[in-house]
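Engineer: This is the structure I want to talk about, given as structure tokens.
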Amino acid sequence: MEEALDELIASHGECCPLPLPVDVQAELFPEVQHTRTERRLQRRNIAFTRKMRREERALAHHWRLRQNLLGQAVTELNFSVAGDGQQLVSPVDRRV
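Here the sequence shown is numbered in the numbering used here, starting from 314 and rising by one per residue.
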């Protein structure tokens, strides 16, 4: 038990050997628990941000694909409509 306590103190609370309960680690080195909690929360925030950015890029990509298809359809329709040279279909609003 004494060796485990020495190891805990030598590692500044990072390593808590088996005979010691985690409560001892939290009591003697509360900053270790706080740091671990902060790291866990930071990893969650980073993962969430990455997921949101990925979804946003996918939505923007799909929107651009649809806009391209719409533009192609308008162009094809303009060329396929028989007439006296007047443009029958208005151009697509391409605001991003």
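In this text, a Cβ means the ideal position worked out from N, Cα and C, and glycines have one as well.
Just so you know, these numbers come straight off a predicted model, no measurement behind them.
Looking only at its chain, what residues have a beta carbon closer than 7 Å to the beta carbon of GLU320, apart from the 5 residues adjacent to it on each side?
Structural biologist: Correct list, in chain order: CYS328 and PRO330.
Engineer: Determine, for HIS347, whether the minimum Cβ-Cβ distance to residues of chain D falls below 8 Å.
Structural biologist: Absent from the structure: chain D. Only one protein chain is present.
Engineer: Figure out for me which residue from PHE392, ARG349 and ILE322 has the closest Cα to the Cα of VAL337.
Structural biologist: Nearest C-alpha to VAL337: ILE322.
Engineer: Note down the Cα distance separating HIS325 from ARG379, rounded to an integer number of angstroms.
Structural biologist: One C-alpha to the other measures close to 58 Å.
Engineer: Using three-state DSSP, classify VAL394 as helix, strand or coil.
Structural biologist: In this structure, VAL394 counts as coil in the three-state DSSP scheme.
Engineer: To which residues of the same chain is GLN346 closer than 6 Å at the C-beta, ignoring the five residues directly before and after it?
Structural biologist: If we look at GLN346 and ignore the five residues flanking it on each side, its Cβ neighbours are ALA339.
Engineer: Given a cut-off of 8 Å on the beta-carbon distance, is the pair ALA317 and PRO334 in contact?
Structural biologist: Not a contact, by the Cβ cut-off of 8 Å.
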